[in-house]
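FYI, the numbering for the sequence shown is 111 to 464, going by our numbering.
From the three backbone atoms N, C-alpha and C, an ideal C-beta is built for every residue, glycine too.
Worksheet: one structure, shown below.
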Amino acid sequence: MLKPGATIGILGGGQLGRMLAIAAARLGFHCHIYCPEAGSPAFEVAQAHTIAAYEDEAALAAFVGKVDIVTLEFENVPVGALRFLSRHVPVAPSADALEIAQDRLAEKIFAMKLGLGTAPFADVPDAVALEAGLARIGTPAILKTRRFGYDGKGQVRIMAPADAAPALADLRGAPAILEGFMRFSAEVSVVAARKADGSFAPFDVTENEHRDHILDRSIAPARVSPETSAKAIAAARAIGDGLGYVGTFAVEFFVVGEDVIVNEIAPRVHNSGHWTLDGAVTCQFEQHIRAIAGWPLGDPRRIARVEMLNLVGENTARWEALAAEPVTKIHLYGKAEMRPGRKMGHATRLTFPA
Ligand code: AMP
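Set out below in structure tokens:
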């Protein structure tokens, strides 16, 4: 068990790293952030930081000398960097778990092997495979890069076979996956923490609404049946167990009828779990620190009905009006520059009783 006073290394310095570092500090840990970008949001709430590329082995070697454990807030860290670090210090989640969760194809195959529902999919290394995939799956469909996609980046809709060539050109030769277009009634996620001993603490299922492919609003509890909720939580548990996952993770689902279809696994704390900072006994960030440190998991119970509003780009100006609402909690990430589509903060509206 990691004791207070130890130093937790975090790969990635965005808002998720910032909120993890705050949670870690509350438990008496120090954090050392490692990320390539100067002026990252996590730096101002951590004891130390390193600005270096994830591929820089000399910088990684110096970093492991200063930390007791390494975790991450960003799933596109090269798996090689995690493997390198894990030869020197404990790393959670593991490189093997990350390797599956950062590749949409590996993730779908993994979910399918667990017997979970996914959209129909095809591996698309080239134009011939795309044609074969479209012949099998039909249109509409979505072509996505296997890696490095987030917030709708690296995705193209294919409405008719004639869209295939331009769609492939759009992805510039990146290995891709073709997915059948799902007609879902809602998008939900399960954010949960899991420890090495298999203990598992899911938060209530969250309903997510996107705008311009970016999460706009989350509601907890999700407006789905108890059966659908139970299926989502069982699927997330199977995924956590299958990955031998340690830490907080999220699984995004499409709701189709009473069933849930796995869309994506996020091997980290997740935007759809931000409501837990104010709306649960233990938040997703503290759960992550507890899980990787080998502490008992906290109670994930929801203490209010919650609506989480993301403050993205121009929308960030809403913070001032939201700050005037007495039961709304404001979180701003300290980012110097506002850009369209950039997540600048979020707000959580609480309604009682839970
Ligand atoms: P993703 O990056 O995979 O989470 O996709 C971003 C958003 O695109 C999702 O939240 C959905 O709203 C939509 N989307 C992605 N994949 C599909 C699919 N196979 N069918 C329908 N909508 C999808």
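When the options are compared against residue i, the one with the closest alpha-carbon
i      : options                        : result
Arg304 : Arg347, Glu289, Arg197, Ser204 : Arg347
Ile329 : Asn318, Pro336, Glu337         : Asn318
Val422 : Lys453, Ala446, Arg400         : Lys453
Ala464 : Ala284, Pro188, Asp314         : Asp314
Asn381 : Lys445, Thr458, Phe173         : Thr458
Ala466 : Met292, Phe359, Ala274         : Missing from the structure shown is residue 466; the chain here goes from 111 to 464 and no further.
Leu226 : Ile247, Val361, Pro271, Met418 : Val361
Pro188 : Ser150, Pro436, Arg257         : Arg257
Cβ-based neighbour list, residue i, same chain, cut-off 6 Å, excluding 5 preceding and 5 following
i      : result
Ala163 : Pro146
Thr255 : Gly264, Leu281, Ala284, Ala286
His384 : Met418, His456
Gly290 : Ala229, Pro230, Ile247, Ala251
Bridge partners - residue i, DSSP secondary structure assignment
i      : result
Arg412 : Ala390
Lys439 : Thr458
Phe310 : Arg304
Ala418 : For the sequence presented, residue 418 should be read as Met rather than Ala. In the DSSP output, where bridge partners are listed per residue, Met418 has Ser328, Thr458.
His159 : Ile143
Gly119 : His142, Val180
Phe364 : Glu297, Ile371
Phe395 : The partner list for Phe395 (beta bridge, DSSP) is empty, contrary to what the question assumes.
Ala376 : Ala360
CB of residue i within 8 Å of CB of residue j, strictly
i      : j      : result
Gly389 : Leu112 : no
Val301 : Thr316 : yes
Leu121 : Glu183 : yes
Thr160 : Ala171 : no
Ala211 : Ala434 : no
Phe395 : Ala133 : yes
His371 : Thr249 : Checking the displayed sequence, the identity of residue 371 turns out to be Ile instead of His. No, the pair does not count as a contact, with Cβ atoms beyond the cut-off.
Ile143 : Ala152 : yes
Start-to-end residues for the beta strand (DSSP E) that takes in residue i
i      : result
Val315 : Careful: Val315 lies outside any beta strand (DSSP E) and carries neither H nor E.
Glu254 : Note that residue 254 corresponds to Lys in the displayed sequence, not to Glu. Unbroken beta strand (DSSP E) run through Lys254: 251-255.
Arg327 : 324-330
Gly290 : 286-290
Arg267 : 265-268
Residues near residue i by beta carbon distance below 7 Å, same chain, minus five either side
i      : result
Ile402 : Ile179, Thr181, Ala202, Val356, Gly357
Ala414 : Gly389, Leu460, Thr461, Phe462, Ala464
Glu154 : Gly444
Leu192 : Val201, Ala205, Leu208
Arg267 : Pro250, Ile252
Leu407 : Ala303, Lys305, Ser309, Ala311, Gln397, Arg400, Ala401
First through last residue of the alpha helix (DSSP H) which encompasses residue i
i      : result
Arg128 : 125-136
Phe194 : 189-196
Val234 : Run containing Val234: none in the alpha helix (DSSP H); it sits in the beta strand (DSSP E), 231-234.
Arg246 : 237-247
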